[in-house]
Amino acid sequence: MRTAGYSANAEVFTAGGPPNSDITAAVLKAFTSACQAPAPSQVLIPKGDFKLGETVMTGPCKSPIEFTLQGNVKADGGSTQGKDRWVVFEKINGFKLNGGGTFDGEGNAAWKANNCHKTFECKKLPISVSGKNMTFDNIKIIAPAESPNTDGIHLGRCEGVKILNTKIATGDDCISVGDGMKNLLIEKVVCGPGHGISVGSLGRYGWEQDVTDINVKNCTLEGTDNGLRIKTWPSAACTTTAAGIHFEDIILNKVSNPILIDQEYCPWNQCNKNKPSTIKLVDITFRNIRGTSGNKDAVKLLCSKGHPCENVEIGDINIEYTGPDGPPTFECTNVTPKLVGTQNPKACVGPVVKAPGKE
366 MRTAGYSANA
376 EVFTAGGPPN
386 SDITAAVLKA
396 FTSACQAPAP
406 SQVLIPKGDF
416 KLGETVMTGP
426 CKSPIEFTLQ
436 GNVKADGGST
446 QGKDRWVVFE
456 KINGFKLNGG
466 GTFDGEGNAA
476 WKANNCHKTF
486 ECKKLPISVS
496 GKNMTFDNIK
506 IIAPAESPNT
516 DGIHLGRCEG
526 VKILNTKIAT
536 GDDCISVGDG
546 MKNLLIEKVV
556 CGPGHGISVG
566 SLGRYGWEQD
576 VTDINVKNCT
586 LEGTDNGLRI
596 KTWPSAACTT
606 TAAGIHFEDI
616 ILNKVSNPIL
626 IDQEYCPWNQ
636 CNKNKPSTIK
646 LVDITFRNIR
656 GTSGNKDAVK
666 LLCSKGHPCE
676 NVEIGDINIE
686 YTGPDGPPTF
696 ECTNVTPKLV
706 GTQNPKACVG
716 PVVKAPGKE
């Protein structure tokens with residue numbers, strides 16, 4: 366989602382209407398015309414307030430398309446009720462979304478119906494499947510801190526994605542990384558409120574794929590319920606590997622659970638904690654993490670008894686906590702991290718337990 370435009374000679378297909386009108390048909394018509402254009406073109410939603418129903422824009426297209434949103438579009442509750450999706454762009458090469466406008470999903474109408482804590486069959490968040498070489502730059506995503514299941518950006522089964530210069534305030538993970546993700550860069554992101562930046566959860570479904578090469582750097586977390594987190598399910602439905610996950614140059618401001626590996630992640634008690642996670646975590650680094658914690662659990666590495674974490678490096682962390690329940694702690698289970706530079710709090714206040722038969 367870069368802001369760079371195409372040539373001034375690109376043909377422009379405008380999708381607008383009277384104030385507060387439904388422009389669903391106009392958007393689909395403009396996109397269809399742009400998709401069939403032999404040269405790069407632009408779909409423009411001008412300034413103003415509009416309603417938009419379920420809108421699925423599917424390629425392949427003959428030439429690249431720039432979708433410029435200058436106005437504010439709100440989900441039309443009547444036409445989107447019961448739908449799994451609202452605005453979809455798919456199978457389009459050379460696609461750009463820009464313009465400074467707003468997609469307002471009217472989420473408050475759906476949050477009260479959230480029942481994921483009651484059913485194991487609750488659907489996963491929408492993901493981009495087999496997407497490659499995408500850039501999200503200068504994006505702002507806002508949802509109230511108390512809104513349920515409102516991940517800012519959820520990615521899975523993509524390759525070569527960059528999330529840059531972005532502000533996310535939400536009620537769940539600011540960014541969550543699902544299975545099958547490869548070669549992801551998250552840089553200069555400000556997160557908060559929310560649940561931090563998470564890899565996972567992994568292992569809930571039997572069809573999941575490996576995660577590799579995840580880089581989070583130069584980010585700031587402010588008042589989040591979690592910080593930098595990797596989470597996998599016990600009694601996992603698959604055996605996969607998450608490798609090459611690196612967090613570097615991160616600033617924390619009153620962040621609870623700033624550094625957390627949780628291989629006993631079991632929301633709503635929908636799993637068997639007596640069976641260790643079968644997800645392997647390999648080559649993990651936390652480097653130059655500094656700031657303040659919202660609780661005493663500054664660093665908690667809770668790895669699987671069945672597959673202890675391998676090659677975890679902790680380098681130059683300085684996390685302060687001044688609460689009444691004591692100084693910050695650094696706990697390890699089923700992992701022996703490599704320590705580089707200085708650590709505050711002092712590393713691994715707690716047992717290092719290994720799986721049976723492991724030396």
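So in our numbering, spot 47 of the sequence shown is number 412, and the numbers just go up one at a time.
By construction, the Cβ of each residue, glycine as well, lies at the ideal position given by its N, Cα and C atoms.
| query | result |
| --- | --- |
| Residues that DSSP places opposite THR423 in a beta bridge | GLU455 |
| Check whether VAL647 and HIS611 have beta carbons under 8 Å apart | no |
| ASN530, buried or exposed, once every other Cβ within 10 Å from all chains shown has been counted against 16 | exposed |
| Length at least 3, wholly inside the region 670-719: the beta strand (DSSP E) runs in chain order | 675-685, 694-698 and 703-709 |
| Beta-carbon contacts of GLY525 that lie in its chain and below 6 Å, excluding the five residues immediately before and after | LYS497, ASN498 and ASN548 |
| Residues that DSSP places opposite ALA608 in a beta bridge | THR577 and VAL647 |
| Buried/exposed call for SER386, threshold 16 Cβ in 10 Å | exposed |
| 6 Å CB neighbourhood of ALA440 in its chain, flanking five on each side removed | TRP451, GLY470 and GLU471 |
| Cα-Cα separation between ASN639 and LYS670, rounded to whole angstroms | 10 Å |
| Nearest neighbour of ASN315, chosen from GLY656, ASN683, THR657 and ASN699 [CA to CA] | Limits of the chain in this structure are 366 at one end and 724 at the other, which puts residue 315 out of reach. |
| Status (buried if at least 16 other CB within 10 Å, exposed otherwise) for ASP627 | buried |
| VAL620 and THR589 closer than 8 Å at C-beta | yes |
| Where THR389 sits in the DSSP three-state scheme | helix |
| Residue closest to ASP578, alpha-carbon to alpha-carbon, out of THR606, LYS596 and THR515 | THR606 |
| Heavy atom of the ligand HEM within 7 Å of ARG569 beta-carbon | With respect to the ligand HEM, the structure offers nothing, as it holds no ligand at all. |
| C-beta atoms of VAL564 and ILE615 nearer than 8 Å | no |
| Candidates LEU550, GLY521, PRO558 and CYS636, of which the one nearest ASP538 by Cα | PRO558 |
| Buried versus exposed, by CB contacts within 10 Å (16 or more), GLN401 | exposed |
| ALA474 (DSSP reduced to helix, strand or coil) | helix |
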